[in-house]
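Worksheet: one structure, shown below.
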Amino acid sequence: MNNKSQNKDFNPNGVGLRNGNFIGLPFDVETTNVVLLPVPWDVTASYGEGTALAPETIRQASTQLDLFDPDVEDAWQLGIYMAPSDKALLDMRNSMRPQAAEYMRFLEEGGAVENNSQMKLVVDETNRACEKMNSYVYNETRQMIENDKLVGLVGGDHS
Numbered sequence: 002m003n004n005k006s007q008n009k010d011f012n013p014n015g016v017g018l019r020n021g022n023f024i025g026l027p028f029d030v031e032t033t034n035v036v037l038l039p040v041p042w043d044v045t046a047s048y049g050e051g052t053a054l055a056p057e058t059i060r061q062a063s064t065q066l067d068l069f070d071p072d073v074e075d076a077w078q079l080g081i082y083m084a085p086s087d088k089a090l091l092d093m094r095n096s097m098r099p100q101a102a103e104y105m106r107f108l109e110e111g112g113a114v115e116n117n118s119q120m121k122l123v124v125d126e127t128n129r130a131c132e133k134m135n136s137y138v139y140n141e142t143r144q145m146i147e148n149d150k151l152v153g154l155v156g157g158d159h160s
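Going left to right, the sequence shown walks through residues 2 to 160 as my numbering numbers them.
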């Protein structure tokens with residue numbers, strides 16, 4: 002897990018480091034206790050879109066967070082790491098979101114799926130994409146849990 006000697010050069014009171022890590026912390030997946038898994042997915046978000054961009058926005062903004070915790074001295078040493086966003090998952094989101102948005106507009110305008118073969122196809126494709134996303138999340142989190150990591154999901158929608 003977390004090796005404190007590895008962190009000896011990190012200054013928790015210094016300026017937030019833009020090193021690509023959550024809060025600029027000096028951890029990687031091997032040396033951390035907590036892994037944040039980005040899920041860049043908002044394919045079926047019914048009110049707007051954009052949560053797919055949240056994980057990277059959070060990563061970038063996190064360097065502005067302070068590391069002081071009044072209840073846990075040197076809490077940052079517990080170790081938090083945010084895994085990289087999966088490009089294939091984001092690409093699939095980018096491919097599927099326009100179709101899913103069109104389907105939601107169709108429904109909002111009173112469309113009936115059972116009377117529209119194109120919309121039936123969109124539903125099937127969207128469901129398959131969501132199943133792939135769910136499998137990705139399951140497999141990634143299972144592996145992390147097997148490696149004694151506490152996992153948190155960041156971003157995504159209620160797919």
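Beta carbons are placed, not taken as given, at the ideal position from N, Cα and C, and that holds for glycine.
Opening and closing residue of the alpha helix (DSSP H) in which residue i lies
i	result
I24	First-last for I24: undefined, no H or E at that position.
L90	88 to 109
Y139	118 to 147
Exposed unless 16 or more other CB atoms sit within 10 angstroms - verdict on residue i
i	result
G157	buried
V16	exposed
K88	exposed
E147	exposed
D149	exposed
V73	exposed
N20	exposed
Y82	buried
Proximity below 7 Å, CB of residue i to CB of residue j
i	j	result
V155	M145	no
A84	L38	yes
V114	M120	yes
Span of the beta strand (DSSP E), counted from its first residue to its last, around residue i
i	result
P39	35 to 39
L154	151 to 155
Reference residue i, options the options, closest by Cα
i	options	result
D67	R143, R60, N14	N14
### Query
Do the stretch 47 to 57 and the stretch 18 to 32 touch if we need at least three Cβ pairs shorter than 8 Å?
no
**Asked** Would you call the stretch 89 to 97 and the stretch 128 to 145 in contact, with 3 or more CB pairs under 8 Å?
**Response** yes
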